[in-house]
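A.B. asks:
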Amino acid sequence: MGPSLTFALLLGCGVPVPPTADAGADAELPLGAALLLYGDGWGDTPIAEWRWSVIRAPSGSAVGLSPPDEADTSVTPDKPGYYTFGLSVSDAWGTPSPVDAVNVLVLGEDSRPVAELEGIESGDPPALYLDGRGSYDPEGEPLDYRWTVLVAPAGSLAGVAPASLTGTAVLQPDLPGIYAVGLTVSDGLSTSGQASITWQLDEGG
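In the numbering used here, the protein residues as written are 5 to 209.
And the structure:
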């Protein structure tokens with residue numbers, strides 16, 4: 005084979021194009037239910053290898069995929085919370101695809117977040133500094149905070165600032181008397197029970 009023919013054959017080969025993997029649609033299911041994941045893949049040659057993996061799982065989970073090396077697989081989540089499973093495929097040349105991910109939310113009784121609330125009086129005139137940063141979600145998801153004035157003296161227009169989103173806030177009273185503030189937190193899917201704190205501002209306080 006002459007040099008010119010070898011060069012022509014190399015040009016014809018080109019650079020292999022990685023195949024594409026599709027892990028399927030995101031899903032939501034109750035704790036204890038099995039989930040079937042239907043993978044797909046395509047490329048310049050038939051798909052020769054399938055690889056499923058666990059990308060994310062709640063703390064303490066020992067979840068696994070069975071089988072992990074076929075197009076379709078099944079999984080039974082063992083903890084409530086968020087899971088992410090990945091699929092990568094390889095073509096007949098052994099070229100791997102990028103990982104495609106599917107997100108799964110598993111709902112359970114203990115997946116509800118918990119609100120924790122503390123308050124410290126400070127300043128002159130005094131104000132109640134509120135701290136809800138001890139609140140938590142069992143699956144470790146980020147929280148949104150919502151503050152509410154539950155009790156205030158008659159005629160009071162006092163509020164909590166800011167009223168939502170952040171883990172700390174301030175109640176600036178405008179009249180002496182008894183105040184109560186409530187806090188709920190949400191992980192975007194479920195909301196906690198309400199934590200509350202009561203504070204009394206004395207006359208001339």
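Using N, Cα and C, we set each Cβ at its ideal position, and we do this for glycine too. Only a predicted model underlies this, so the values are computations on that prediction, with no experimental measurement involved.
Check the C-beta distance from residue 191 over to residue 145 and give it rounded, since I have them as a contact under 8 Å.
C.D. replies: Within the sequence shown, residue 191 is the residue found at index 187, counting from 1. Within the sequence shown, residue 145 is the residue found at index 141, counting from 1. Residue 191 to residue 145, Cβ: 4 Å. Contact.
A.B. asks: Report, in whole angstroms, the separation of the C-beta atoms of residue 80 and residue 38, which I expect to be a contact under 8 Å.
C.D. replies: As a position in the sequence shown, residue 80 is number 76, starting the count at 1. As a position in the sequence shown, residue 38 is number 34, starting the count at 1. Confirmed, Cβ separation roughly 5 Å.
A.B. asks: Compute the beta-carbon to beta-carbon distance between residue 93 and residue 25, rounded to the nearest angstrom, for a pair I have assumed lies under 8 Å.
C.D. replies: The residue given as residue 93 occupies position 89 in the sequence shown. The residue given as residue 25 occupies position 21 in the sequence shown. Right, the Cβ-Cβ distance comes to about 5 Å (below 8 Å), so this counts as a contact.
A.B. asks: Is the beta carbon of residue 140 less than 8 Å from the beta carbon of residue 162?
C.D. replies: As a first step, residue 140 must be located in the sequence shown, where it is residue number 136. As a first step, residue 162 must be located in the sequence shown, where it is residue number 158. Contact: no.
A.B. asks: Can you give me the start and stop residues for the beta strand (DSSP E) that residue 118 sits inside?
C.D. replies: By one-based count along the sequence shown, residue 118 stands at place 114. From DSSP, residue 118 is part of no beta strand (DSSP E); its letter is neither H nor E.
A.B. asks: For residue 197, which residues in the same chain have their Cβ closer than 7 Å to its Cβ, ignoring the five residues on either side in sequence?
C.D. replies: For this step, residue 197 is matched to residue 193 along the sequence shown. So the list reads 119, once near-sequence residues are dropped.
A.B. asks: Buried or exposed: which applies to residue 202, given that a residue is buried once 16 or more other Cβ atoms fall within 10 Å of its Cβ?
C.D. replies: Here the question's residue 202 lines up with position 198 in the sequence shown. Residue 202 should be labelled exposed.
A.B. asks: Just curious, the beta strand (DSSP E) that residue 133 is in, first and last residue?
C.D. replies: The residue you call residue 133 lines up with position 129 of the sequence shown. Counting along the chain, the beta strand (DSSP E) containing residue 133 begins and ends at 131–135.
A.B. asks: Examine the ligand PLP and report whether any of its heavy atoms sits within less than 7 Å of the Cβ of residue 72.
C.D. replies: Among the ligands in the structure shown, none appear at all, so the ligand PLP cannot be discussed.
A.B. asks: Go ahead and pull the three-state DSSP assignment for residue 62.
C.D. replies: Working through the sequence shown from its first residue, we reach residue 62 at position 58. Reduced to three states, the DSSP call for residue 62 is coil.
A.B. asks: Report back the beta-carbon spacing between residue 88 and residue 60 to the nearest angstrom; my notes put them in contact at under 8 Å.
C.D. replies: Taking the sequence shown and counting its residues from 1, one reaches residue 88 at position 84. Taking the sequence shown and counting its residues from 1, one reaches residue 60 at position 56. Correct: roughly 4 Å between the Cβ atoms.
A.B. asks: Where residue 104 and residue 179 are concerned, what is the direct C-alpha to C-alpha distance, given to the nearest angstrom?
C.D. replies: Within the sequence shown, residue 104 is the residue found at index 100, counting from 1. Within the sequence shown, residue 179 is the residue found at index 175, counting from 1. Those two C-alpha atoms are separated by around 58 Å.
A.B. asks: Go ahead and label residue 1 buried or exposed: buried means 16 or more other beta carbons lie within 10 angstroms of its beta carbon, across all protein chains shown.
C.D. replies: Only positions 5 to 209 of the chain appear in this structure, which leaves residue 1 out of reach.
A.B. asks: Kindly indicate the opening and closing residues of the beta strand (DSSP E) around residue 24.
C.D. replies: The residue given as residue 24 occupies position 20 in the sequence shown. 24–26 is the extent of the beta strand (DSSP E) around residue 24.
A.B. asks: I need the boundaries of the beta strand (DSSP E) containing residue 88, first residue and last residue.
C.D. replies: Here residue 88 refers to the residue found at position 84 when the sequence shown is read from its first residue. Start and end: 85–95.
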